[in-house]
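Peer 1:
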Ligand code: GDP
Ligand code: MG
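Numbering (our numbering), first residue to last: 68 to 785.
1) How far does the beta strand (DSSP E) with residue 75 in it reach, from first residue to last?
2) Can you give, in chain order, each stretch of the beta strand (DSSP E) that sits fully within the segment 528-611 and has at least 3 residues?
3) Given a threshold of 16 other Cβ atoms within 10 Å of its Cβ, counted over all protein chains shown, does residue 632 qualify as buried or as exposed?
4) What residue ranges within the segment 125-210 form continuous beta strand (DSSP E) runs of no fewer than 3 residues, ordered along the chain?
5) Does DSSP classify residue 774 as helix, strand or coil?
6) What would DSSP say about residue 119, mapped onto helix, strand or coil?
7) DSSP three-state label for residue 742, please.
8) DSSP on residue 420, reduced to helix/strand/coil?
9) In the structure shown, what three-state DSSP assignment does residue 769 receive?
10) Secondary structure at residue 514, three-state DSSP: helix, strand or coil?
11) Counting along the chain, where does the alpha helix (DSSP H) carrying residue 85 start and finish?
12) In terms of alpha-carbon separation, which member of 117, 133, 75 lies closest to residue 110?
13) Answer yes or no: the CB of residue 222 versus the heavy atoms of the ligand GDP, is any distance below 7 angstroms?
14) Give every residue of the same chain whose Cβ lies closer than 8 angstroms to the Cβ of residue 572, excluding the five residues on either side of it in the sequence, and list them in chain order.
15) Candidates 156, 146, 116: which alpha carbon is nearest residue 124's?
16) Is any heavy atom in the ligand GDP found nearer than 7 angstroms to the beta carbon of residue 80?
17) Ignore the nearest five residues each way along the sequence and tell me which others in residue 360's own chain have a CB closer than 7 angstroms to its CB.
18) Among 519, 464, 475, which residue has its Cα nearest to the Cα of residue 497?
19) Select from 79, 73, 86, 199 the residue whose C-alpha is nearest the C-alpha of residue 146.
20) Is there at least one non-hydrogen atom of the ligand ADP closer than 7 angstroms to the beta-carbon of residue 184?
21) State whether the segment 318-326 contacts the segment 239-249, with contact taken as three or more CB pairs (one from each stretch) at a distance under 8 angstroms.
22) Going by the DSSP bridge assignment, what does residue 616 pair with across the sheet?
23) Could you pull out every unbroken alpha helix (DSSP H) segment of at least 4 residues lying fully inside the segment 670-740, listed in chain order?
24) For the alpha helix (DSSP H) holding residue 341, just list the boundary residues, first then last.
25) Run through DSSP, which three-state label would residue 221 get?
26) Using CA atoms only, rank isn't needed, just tell me which of 193, 261, 427, 199 is closest to residue 695.
27) Nearer than 7 angstroms: is that true of the beta carbon of residue 213 relative to any heavy atom of the ligand GDP?
28) Report the residue from 176, 197, 177 whose alpha carbon sits nearest the alpha carbon of residue 183.
29) For residue 107, which three-state DSSP category applies?
30) I need the DSSP call for residue 463, collapsed to helix, strand or coil.
31) Does the Cβ of residue 578 lie closer than 7 angstroms to at least one heavy atom of the ligand GDP?
32) Could you give the first and the last residue of the continuous alpha helix (DSSP H) run that contains residue 656?
33) Per DSSP, what kind of secondary structure is residue 96 in: helix, strand or coil?
34) On the criterion of 16 or more Cβ atoms from any shown chain inside 10 Å, does residue 710 qualify as buried, or is it exposed?
35) Less than 7 angstroms between the CB of residue 200 and some heavy atom of the ligand GDP, yes or no?
36) Flag this pair as touching only if the segment 657-672 and the segment 385-393 have three or more C-beta atom pairs under 8 angstroms; answer yes or no.
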């Protein structure tokens, strides 16, 4: 069936877009990317009256300025892909804030249908909203919905489909006044654009006028050089800015925002009535906040909650993790007996099963942790964590909005620095943004977690404590480095912080499962692609060029002698022993072995032997590779394959690998250069200069700290 037209699902974050998307499209969905950026693009299909409607879930935004990638993606989609209708999902419990975005959609002069979502909660708050009045005031259809229950979705699709059919891609000519200073200017600019065929084809006239007044760099660039009109527009907006500065000491941008809010306040006043006292849920939310965000009790509870997450992860997650280990051990021995040829066997057993298996073994643990973190996010507690930490961030020259990038990067173990660094786009001050970008990679991202778990399993009884210390250490380093940067190379004032705390909400099982699965799947996908490739490369580096001629002769001779001296079972044991010694000699002689050894004189200061060196170099590709490389190295050089089961046991048995080495390795691993994808993103967000800085600085810092701890520990006799 042909797609008849597209509906764009848009709205504030957490307004229920994805829930509505699922309700409308059912199983019929696919995920892609918006062109040129890494923002997820969720698409699905719905049918109405024999027409097929494509539904695209746009990223959640509060506004349509050019400040963040999400905002640009959302508005470019609407301008460039001409959806038949924009379905604006509005959280009716905070109508005032949500309508700010609605107004901007209306100003794009596209057909908009408002879904007043969360109507169940509005009733719980003891309020009613006059939908007909709202529809009349904003000039577009308004439908009440409860996305979570699917209430109103049929009505919504019907209204949207009928409105789209009648609208022919145009809005209702929505128009608010921006006051005596700007109105005439806007009208003049609007006329100029309308008269210019080339410009009016790319941008809606009134919207373009507003964007020029707001000095929107994207729009100005989009039309600049297209005709003389662009220069005229720029001149007029400049003149208006100068005039406002002189007369009111303000900017066009501020006036525009003031008038929009004025309009919205008056709309809300006319539509919302309070029928009873604020609902029990909000009151309960406030009461809960009196405890959860209490000055002293709040942070203590927060530490407790985070510790509890780690504790549950390790006690519950341990069980399925054991199954995974057994599974991979069986796969290893099956491959061992099935695959002919020693080279192919080694590739599969040591390279692929040893490497990728080592990383996949952590899936149950990681899924368990993601599940609990999703619970924190969906319940609203995560926002409280950001709120409480704002006070701390200030002390270190950061901003309340730095908390989210930190948390996304793994501030509560299990994030990723790539979206973390991108999340810094919400920081308006370039200096605070730079300091956040440079310190976010110290957090405990999902890729560091398996390394932490591995070391904890091998050497320490209390895994949850190890994890807790790593997370805390990551924060401590990030904050200290931020302070250092902000008082040296990135000096400058702090800017104020405003954030809204959503009411607490009991998460749904389905929502939790979707979020958990999404993140776990990312982890598995990485194991299947990047880590598989790196495992094979590292396996090759550890296998070739093979033992040299002298060694080969030496081991052949040893075998020949054994054949004379022993017989039966004794002979077999002796031959196996020789093979293992030979394998170890070959590994030491391989490219990787030699590189690792060449670095030993330096790295031994921190207690790293050549195997750890190779693993850490591989870790630059992705930190999980540290685990997979150790897996391969310890599997190849192994002495008694039958006895040793998991990698943790093998490492524990290595006499050179002590608990002190593990501590040193953990410090280095937590702090050294971000993985290369993160480095690329840092370069894109700041510059290659700062990306290079983060690699060199972080590695230097990591090594200095690891070596200091290792030397001190050795002196103290650990
Ligand atoms: P998005 O960020 O806009 O995609 O929002 P989500 O679809 O992820 O929804 C955010 C939260 O609001 C989830 O916990 C939903 O279960 C919840 N939610 C969505 N719609 C409704 C609704 O109509 N009523 C209530 N009470 N909760 C809802
Ligand atoms: Mg969503």
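Virtual Cβ for every residue (Gly too), placed ideally from N, Cα, C.
Keep in mind that this is a model prediction, so the values were computed, not measured.
Peer 2: Looking at the coordinates:
1) Looking up residue 75 in the chain shown gives position 8. Following the DSSP letters along the chain, one finds residue 75 inside the beta strand (DSSP E) bounded by residues 72-78.
2) Those beta strand (DSSP E) runs which fall completely within the segment 528-611 and span 3+ residues do not exist here.
3) Within the chain shown, residue 632 is the residue found at index 565, counting from 1. That one is exposed.
4) The beta strand (DSSP E) runs lying completely inside the segment 125-210 and spanning 3 residues or more are 152-158, 179-184, 194-196, given in chain order.
5) As a working mapping, residue 774 is identified with position 707 in the chain shown. In this structure, residue 774 counts as helix in the three-state DSSP scheme.
6) Within the chain shown, numbered from 1, the residue matching residue 119 stands at position 52. Residue 119 falls in the strand class under three-state DSSP.
7) Mapped onto the chain shown, residue 742 falls at position 675. Residue 742 falls in the coil class under three-state DSSP.
8) The residue labelled residue 420 in the question sits at position 353 within the chain shown. Helix at residue 420.
9) Position 702 of the chain shown holds residue 769. It is helical.
10) If you number the chain shown from 1, residue 514 lands on position 447. Looking at residue 514 - three-state DSSP - the assignment turns out to be coil, as it is neither helix nor strand.
11) One-based indexing of the chain shown puts residue 85 at position 18. The continuous alpha helix (DSSP H) containing residue 85 extends over residues 84-92.
12) One-based indexing of the chain shown puts residue 110 at position 43. The residue with the shortest Cα to Cα distance from residue 110 is 75.
13) On the chain shown, residue 222 is found 155 positions in, with the first residue counted as 1. Not so, every heavy atom of the ligand GDP lies at least 7 angstroms from the Cβ.
14) In the chain shown, residue 572 corresponds to position 505, counting from 1. Residues of the same chain with a CB within less than 8 angstroms of the CB of residue 572, apart from the 5 flanking positions on each side, are 445, 446, 447 in chain order.
15) Translated into the one-based positions of the chain shown, residue 124 becomes position 57. Out of 156, 146, 116, 156 has the C-alpha closest to the C-alpha of residue 124.
16) On the chain shown, position 13 is the one that residue 80 refers to. Annotation for residue 80 indicates a beta carbon within 7 angstroms of some heavy atom of the ligand GDP.
17) Counting from 1 along the chain shown, the entry for residue 360 is found at position 293. The residues are 451, 454, 455.
18) Position 430 of the chain shown, counting from 1, holds the residue named residue 497. Ranking 519, 464, 475 by Cα distance to residue 497 puts 464 first.
19) By one-based count along the chain shown, residue 146 stands at place 79. Residue 73 is the option with its Cα nearest to residue 146.
20) In the structure on display, the ligand ADP does not appear, and the ligands it does have are the ligand GDP and the ligand MG.
21) The segment 318-326 vs the segment 239-249: in contact.
22) Position 549 of the chain shown, counted from the first residue, corresponds to residue 616. In the DSSP output, where bridge partners are listed per residue, residue 616 has none listed.
23) For secondary structure counted as the alpha helix (DSSP H) over 4 or more consecutive residues, the segment 670-740 holds these complete runs in sequence order: 677-685, 691-703, 714-720, 726-738.
24) What you label residue 341 is simply residue 274 of the chain shown in a count that begins at 1. Careful: residue 341 lies outside any alpha helix (DSSP H), inside the beta strand (DSSP E) at 339-341.
25) Along the chain shown, read from residue 1 onward, the residue named residue 221 stands at position 154. Three-state result, residue 221: helix.
26) Within the chain shown, numbered from 1, the residue matching residue 695 stands at position 628. Ranking the options by Cα distance to residue 695, first place goes to 427.
27) Locating residue 213 in the chain shown gives position 146, counting from the first residue. Within the cutoff, so yes.
28) Residue mapping note: residue 183 aligns to position 116 of the chain shown, counting from 1. Residue 197 is the option with its Cα nearest to residue 183.
29) By 1-based counting over the chain shown, the position of residue 107 is 40. If DSSP states are grouped into helix, strand and coil, residue 107 belongs with the strands.
30) Here residue 463 corresponds to residue number 396 of the chain shown, with the count starting at 1. Here residue 463 sits in coil by DSSP.
31) Sequence index remark: in the chain shown, residue 578 carries index 511 (1-based). Within the cutoff, so yes.
32) Working through the chain shown from its first residue, we reach residue 656 at position 589. Note, residue 656: alpha helix (DSSP H), 635-656.
33) Indexing the chain shown from 1 puts residue 96 at position 29. Strand at residue 96.
34) Working through the chain shown from its first residue, we reach residue 710 at position 643. Interpretation of residue 710 is limited by its pLDDT of 42, a score under 50 that renders its predicted location unreliable; the figure taken from the coordinates is listed afterwards. Around the beta-carbon of residue 710, fewer than 16 other beta-carbon atoms lie within 10 Å, marking it exposed.
35) Walking along the chain shown from the start, residue 200 turns up at place 133. Not under cutoff, so the answer is no.
36) Touching, no.
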